[in-house]
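Presented below is the structure to which this report refers.
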Amino acid sequence: MLGKFVVFEGGEGAGKTTQLIRLQEWLAVSGWLDRIQSAMAGDSSPIVVTREPGGTLLGKGIRKLLLDVSATGDESIDKRAELLLFAADRAQHVAGFLGPHLQQGALVLCDRYTDSTIAYQGYGRNLDLNLIHQLDQIATQGLESDLTLWLDLDVEIGLARTRQRGQDPEIKVDRMEATEIAFHQRLRQGFTALAQQHPDRMIRIDAHQSESAIAQQIQGLLEQRLRQWYP
Ligand code: Z5A
4 MLGKFVVFEG GEGAGKTTQL IRLQEWLAVS GWLDRIQSAM AGDSSPIVVT REPGGTLLGK
64 GIRKLLLDVS ATGDESIDKR AELLLFAADR AQHVAGFLGP HLQQGALVLC DRYTDSTIAY
124 QGYGRNLDLN LIHQLDQIAT QGLESDLTLW LDLDVEIGLA RTRQRGQDPE IKVDRMEATE
184 IAFHQRLRQG FTALAQQHPD RMIRIDAHQS ESAIAQQIQG LLEQRLRQWY P
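Right under this line is the structure:
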């Protein structure tokens, strides 16, 4: 692919969304936009921001089914059904959004991708890791991130942050955030294992730091990678 694919990963309340927005803002004033644009095949936007689940129209419907407690009424979602819904969201996202933008040469910033499935459905829900891998191959058609920034945070602190946010009546605590603490600890183990297995692609960021300290670290890492990608 001509473009580059940067993913933010982590547990609940780790600060992915906050940092993704800060990175986007920094990129807009950093001078990199023009360099990326001049390396592109088309004239579409050089920086694209998206997320999983929910990066396409179909994905938005799937996201509602997956996260909104009220979407399925009293019926709890079976963990295999949940896995397949995340895979369906990803297949549509890769085919209809990520692939086309990367082919044009955009820098794509994505909130969550395949490592979330390994961590949440594999380590969290104890589904077979090989099965998840096979399903991901179908959904992604082999598309991997060029860089994954894993915001690693103590589980209790992350959940406290999301609970704090939950006090805002406009924002509801979703189905997964309401899951028990042992689940969140297992998925943190999952991210730890993934970072050990993929040291070139996946970088751990200590998310206990202040927002601005994390933002600065991420900008430094991106600056390095961008120099390699756009020499
Ligand atoms: N999921 C899955 O199971 N399998 C999959 O394959 C995929 C996803 C792709 C998506 O939910 C859910 O789907 C997710 C995994 C599952 N499970 N849950 N829940 P989502 O997209 O709605 O939510 P999320 O990805 O978990 O994001 P989040 O909980 O909103 O967290 P965040 O984006 O990492 O954090 P934030 O919104 O940037 O910050 C949270 C709060 O902390 C906020 O009030 C900030 O102001 C504050 N904050 C941020 N940084 C700091 C620092 N450094 N210090 C202090 N406070 C901070």
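Under this note's numbering, the residues of the sequence shown are numbered 4 to 234, in order.
Glycine included, C-beta positions come from ideal geometry on N, C-alpha and C.
Computed from a prediction, not measured in an experiment: that's the story for all the values here.
The C-beta distance from Q95 to T59 rounds to 5 Å, short enough to meet the 8 Å contact threshold. Between ligand 1 and the CB of T120, the shortest heavy atom gap is smaller than 7 Å.
Pairing I65 with A91 gives a Cβ-Cβ distance under 8 Å.
Rounded to whole angstroms, the gap between the alpha carbons of G145 and L101 is 12 Å. A buried status is given to A122, since no fewer than 16 other beta-carbon atoms sit within 10 Å of its beta-carbon. Using a C-beta cut-off of 8 Å, the segment 190-209 makes contact with the segment 122-137, since at least three inter-stretch Cβ pairs fall below that distance.
A distance below 8 Å separates the beta carbons of L69 and P56.
In this structure, DSSP gives I184 a helical state, which the three-state scheme calls helix.
Listed in chain order, the beta strand (DSSP E) elements of length 3 or more contained wholly in the segment 93-117 are 110-114. Checking the 7 Å criterion, the Cβ of S213 is within range of a heavy atom belonging to ligand 1. DSSP places G13 inside the beta strand (DSSP E), whose first and last residues are 7-13. With a beta-carbon spacing of about 6 Å, Q27 and V52 fall inside the 8 Å limit used to define contacts.
Distance from the Cα of R230 is smallest, within the candidate group Q212, T165, S33, D139, for S33.
Rounded to whole angstroms, L61 and V97 show a C-alpha spacing of 12 Å.
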